[in-house]
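Asks:
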Amino acid sequence: MDKPGFGFIGSRCAAPGLDSLEECAGRGTVIHRLHPSVKVAAAIVYAAAVISFGRRDVRGLMPYFFYPALLASLSETPLRLLLRRIIPALPFALFGGMANLFFDSEPVIRVWGIVITGGVLSFVSIMIKTALLVSAVSLLVSTTGMADLSRQLVSMRVPEMFVLQLVLTYRYLAVLAEESRSMCAAYVLRRPGARGTHIKDMGTFVGVLLLRSIARAERVYDAMKCRGFSGTWPVSPHKRPGARDIFFLTAVCAAAILPRCLN
Amino acid sequence: MKDVSVTYPDGNRAVNGVSLALGNGERKALVGANGAGKSTLLRAIVGLLSISGGEARVDGIALSARTAPDVRARVGMVFQNPDDQLFMAKVADDVAFGPRNMGLSEDEVNRRVGSALDRLGAAHLKDRVSDRLSGGEKRLVGLASVLSMEPCILLMDEPSSFLDPRSRRNLIKVLSSLPQAILLATHDLDMARRLCSRAVVLRDGRVCAEGSADELLSDKQMLEAHGL
């Protein structure tokens, strides 16, 4: 029997890519119909409120689960889609927060006789903040769409170069995932029973994947140039926000800022 | 094009002294074995590759690095792999990309998107996610994304690849109805014969034969001699 190998991006060959968020963006719910500018502003206010909490303040973050839950429900965004975005981000937070467990050993509270140190609280706080921020950004993309979002960012005077990098990175990740999926399929078909990519093939796999995705990205760039792309992102004006948009933004600002002030 | 040559940075001269002309509304097939220089020639016409010798003019504009953006506004290129052509998440955004880059008003962009998709019978795909389309649908959307710029010339690189017979028949029907001049690089000799009035046979970057598509593409001996 074949030894288990190492997992790799796209090793589950049928895993949906970034476009699943884009599919959600095509819906016509009340949240989707909101003006992109208020959704961007609401996400920024929400993120700022979440980040502003102290490193040991876990309890204060609890009300902030309400925003993604409500938004996901109103926009009919499947929970599993959000989890699929949150879970890959958590290991980064895990590594970032783990050091707190060792360096901050000051006892803070006692729960059912168990002493909880400051390090544990700040570790949990980092994990929660990561989950909240990733879900807020995912919801922003899934209810607005990358094209509208980029146009909105440019019209909000975000440097065009930054927006361009964002859009091309988003596209490049999809290219990378596609190439990875097709390579993975070819690999598995010639190595029956393998789970993921074997460690001895990993170096070649990553190298070839990189070369293939660069070649593919160059062809995509050529196609963009052929359609008049010259390094600037074309922007079309959005209509102005209406009363419903202002109400949404006010409600989100109040819901994000009030718990912070009362905390 | 007059005596056009294209040399890659490694010194390989993929196109060597090619001369050809394409009139208004004319449809010409560019046939040749793999490596004959068909795709290279198409890429040179839109300025994706530099011409190392000779001269090319599109609608009176001499092709150079400086004039490439003007040429690209007149010449639409449909790539061999539709996945390379479609880079926006949604079909409507992809078809609108070219017109928006041309600085058109949003009303005009919407009109062109609707018109291009309607002409190809693909209006129902407008709000779909590009990656979820079938091969035939991707090909149509790729073509629509070029037609929305209203070019006077279409360059098509192996348009029948990735297509099933039905999608291929549909594509031939669609292309036959377009008013644009078309330069079609293909291995699909049947498609070339059905669609084009003239044909050019390339071999090792040189023109070996040129003439009526019916006559040229029926000459089995000549085609076999040139690797087809």
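Chains as they are written, first to last, in the working numbering: chain R, 1 to 263; chain A, 1001 to 1228.
Glycine included, C-beta positions come from ideal geometry on N, C-alpha and C.
Only a predicted model underlies this, so the values are computations on that prediction, with no experimental measurement involved.
For the region 193–211 of chain R, list every residue whose C-beta sits within 7 Å of some C-beta in chain A, in sequence order.
Replies: Result list empty, no residue passes.
Asks: Put Gly1076(A) into one of helix, strand or coil per three-state DSSP.
Replies: Residue mapping note: residue 1076(A) aligns to position 76 of the second sequence, counting from 1. Gly1076(A): strand per DSSP, three-state reduction.
Asks: Would you list, in sequence order, the uninterrupted alpha helix (DSSP H) runs of no fewer than 4 residues that lie entirely inside the region 36–110 of chain R?
Replies: Runs found: 36–51, 66–74 and 79–103.
Asks: Assuming Ala25(R) contacts Thr144(R) (C-beta within less than 8 Å), just tell me the rounded distance between them.
Replies: What you label residue 25(R) is simply residue 25 of the first sequence in a count that begins at 1. What you label residue 144(R) is simply residue 144 of the first sequence in a count that begins at 1. Indeed they touch by this definition, with Cβ atoms about 6 Å apart.
Asks: Using a Cβ distance threshold of 8 Å, determine whether the region 1157–1171 of chain A contacts the region 1134–1146 of chain A, with at least three qualifying pairs required.
Replies: Verdict: yes, contact present.
Asks: Quick one: is Leu79(R) buried, meaning 16 or more other Cβ sit within 10 Å of its Cβ, or exposed?
Replies: Locating residue 79(R) in the first sequence gives position 79, counting from the first residue. By the neighbour-count rule (16 or more Cβ atoms within 10 Å), Leu79(R) is not buried but exposed.
Asks: Could you compute how far the alpha carbon of Ala1116(A) sits from the alpha carbon of Glu1026(A)?
Replies: If you number the second sequence from 1, residue 1116(A) lands on position 116. If you number the second sequence from 1, residue 1026(A) lands on position 26. If I take the Cα positions, the gap works out to 20 Å.
Asks: Tell me where the alpha helix (DSSP H) around Glu1026(A) begins and ends.
Replies: As a working mapping, residue 1026(A) is identified with position 26 in the second sequence. Counting along the chain, Glu1026(A) falls outside any alpha helix (DSSP H), and DSSP gives it neither H nor E.
Asks: Can you tell me the Cβ-Cβ gap for Arg56(R) and Val108(R), rounded? I've got them flagged as a contact below 8 Å.
Replies: By one-based count along the first sequence, residue 56(R) stands at place 56. By one-based count along the first sequence, residue 108(R) stands at place 108. Correct: roughly 6 Å between the Cβ atoms.
Asks: For Glu1108(A), which three-state DSSP category applies?
Replies: As a position in the second sequence, residue 1108(A) is number 108, starting the count at 1. Correct three-state label for Glu1108(A): helix.
Asks: At 9 Å on the CB atoms, spell out the chain A contacts of Ser142(R), in chain order.
Replies: Along the first sequence, one-based indexing puts residue 142(R) at 142. The premise fails here: Ser142(R) is roughly 11 Å from chain A at the closest Cβ pair, so nothing lies under 9 Å.
Asks: Using C-beta distances below 6 Å, list every residue in its chain close to Gln152(R), excluding the 5 sequence neighbours before and after it, in chain order.
Replies: Locating residue 152(R) in the first sequence gives position 152, counting from the first residue. Cβ within range, chain order: Pro36, Ser37 and Val40.
Asks: Per DSSP, what kind of secondary structure is Lys3(R) in: helix, strand or coil?
Replies: By 1-based counting over the first sequence, the position of residue 3(R) is 3. Annotation note: pLDDT 41 at Lys3(R) (below 50); position unreliable, no value reported.
Asks: Residues of chain R with a CB under 8 Å from the CB of Asn1101(A): which are they?
Replies: Counted from its first residue, the second sequence places residue 1101(A) at position 101. Simply Arg227, Gly228, Phe229, Ser230 and Pro234.
Asks: Identify the residues that DSSP records as bridge partners of Ser1005(A): which are they?
Replies: Along the second sequence, read from residue 1 onward, the residue named residue 1005(A) stands at position 5. Partner(s): Gly1053(A).
Asks: Does chain A have any CB closer than 7 Å to the CB of Glu23(R)?
Replies: Numbered from 1 along the first sequence, position 23 holds the residue referred to as residue 23(R). It does: the Cβ of Glu23(R) has a partner Cβ on chain A nearer than 7 Å.
Asks: With a Cβ-Cβ cutoff of 7 Å, do Leu1006(A) and Ala1056(A) count as a contact?
Replies: The residue given as residue 1006(A) occupies position 6 in the second sequence. The residue given as residue 1056(A) occupies position 56 in the second sequence. At residue 1006(A) the sequence reads Val, which differs from the Leu that was named. Cβ atoms of Val1006(A) and Ala1056(A): not closer than 7 Å.
Asks: If you draw a straight line from the C-alpha of Ile114(R) to the C-alpha of Leu101(R), how long is it?
Replies: The residue given as residue 114(R) occupies position 114 in the first sequence. The residue given as residue 101(R) occupies position 101 in the first sequence. For Ile114(R) and Leu101(R), the distance between alpha carbons rounds to 15 Å.
Asks: Using a C-beta cutoff of 7 Å, does Asp104(R) count as contacting chain A?
Replies: The count along the first sequence starts at 1 and reaches residue 104(R) at position 104. Chain A, which has no Cβ nearer than 7 Å to the Cβ of Asp104(R), makes this no.
Asks: Let me check understanding here. Comparing Cα to Cα, which of Met1191(A), Tyr1008(A) and Met1222(A) lies closest to Met1156(A)?
Replies: For this step, residue 1156(A) is matched to residue 156 along the second sequence. Looking at the Cα atoms, Met1191(A) is the closest of the given residues.
Asks: In its own chain, which residues sit with a C-beta less than 8 Å from the C-beta of Ile257(R), not counting the 5 before and 5 after it?
Replies: By one-based count along the first sequence, residue 257(R) stands at place 257. So the list reads Val45 and Ala49, once near-sequence residues are dropped.
Asks: Among Arg59(R), Ser52(R) and Ile86(R), which one has its Cα closest to the Cα of Pro68(R)?
Replies: Counting from 1 along the first sequence, the entry for residue 68(R) is found at position 68. For the residues Arg59(R), Ser52(R) and Ile86(R), the minimum Cα distance to Pro68(R) belongs to Ile86(R).
Asks: Here's the rule I'm using: 16 or more other beta-carbon atoms within 10 Å means buried, otherwise exposed. How should Tyr1008(A) be labelled?
Replies: Taking the second sequence and counting its residues from 1, the one referred to as residue 1008(A) is at position 8. Its Cβ having fewer than 16 others within 10 Å, Tyr1008(A) is exposed.
Asks: Quick check on Val220(R) - is its C-beta less than 7 Å from some C-beta in chain A?
Replies: What you label residue 220(R) is simply residue 220 of the first sequence in a count that begins at 1. Judged by the 7 Å Cβ criterion, Val220(R) is in contact with chain A.
Asks: CA-CA distance, Leu262(R) and Ala254(R)?
Replies: Here residue 262(R) refers to the residue found at position 262 of the first sequence. Here residue 254(R) refers to the residue found at position 254 of the first sequence. Taking the straight line joining both Cα atoms gives about 12 Å.
Asks: Residue range of the beta strand (DSSP E) that Met1156(A) falls in?
Replies: Along the second sequence, read from residue 1 onward, the residue named residue 1156(A) stands at position 156. Here the beta strand (DSSP E) through Met1156(A) covers Ile1153 to Asp1157.
Asks: Measuring only between beta-carbons, confirm whether Phe1079(A) sits less than 7 Å from chain R.
Replies: The count along the second sequence starts at 1 and reaches residue 1079(A) at position 79. Output row for Phe1079(A): interface = yes.
Asks: Going by beta-carbon coordinates alone, are Arg1074(A) and Cys1196(A) separated by less than 7 Å?
Replies: The count along the second sequence starts at 1 and reaches residue 1074(A) at position 74. The count along the second sequence starts at 1 and reaches residue 1196(A) at position 196. No, these two residues do not count as a Cβ contact at 7 Å.
Asks: May I ask which residues mark the beginning and end of the alpha helix (DSSP H) holding Ala136(R)?
Replies: Taking the first residue of the first sequence as position 1, residue 136(R) is located at position 136. From DSSP, the alpha helix (DSSP H) with Ala136(R) extends over Gly118 to Thr144.
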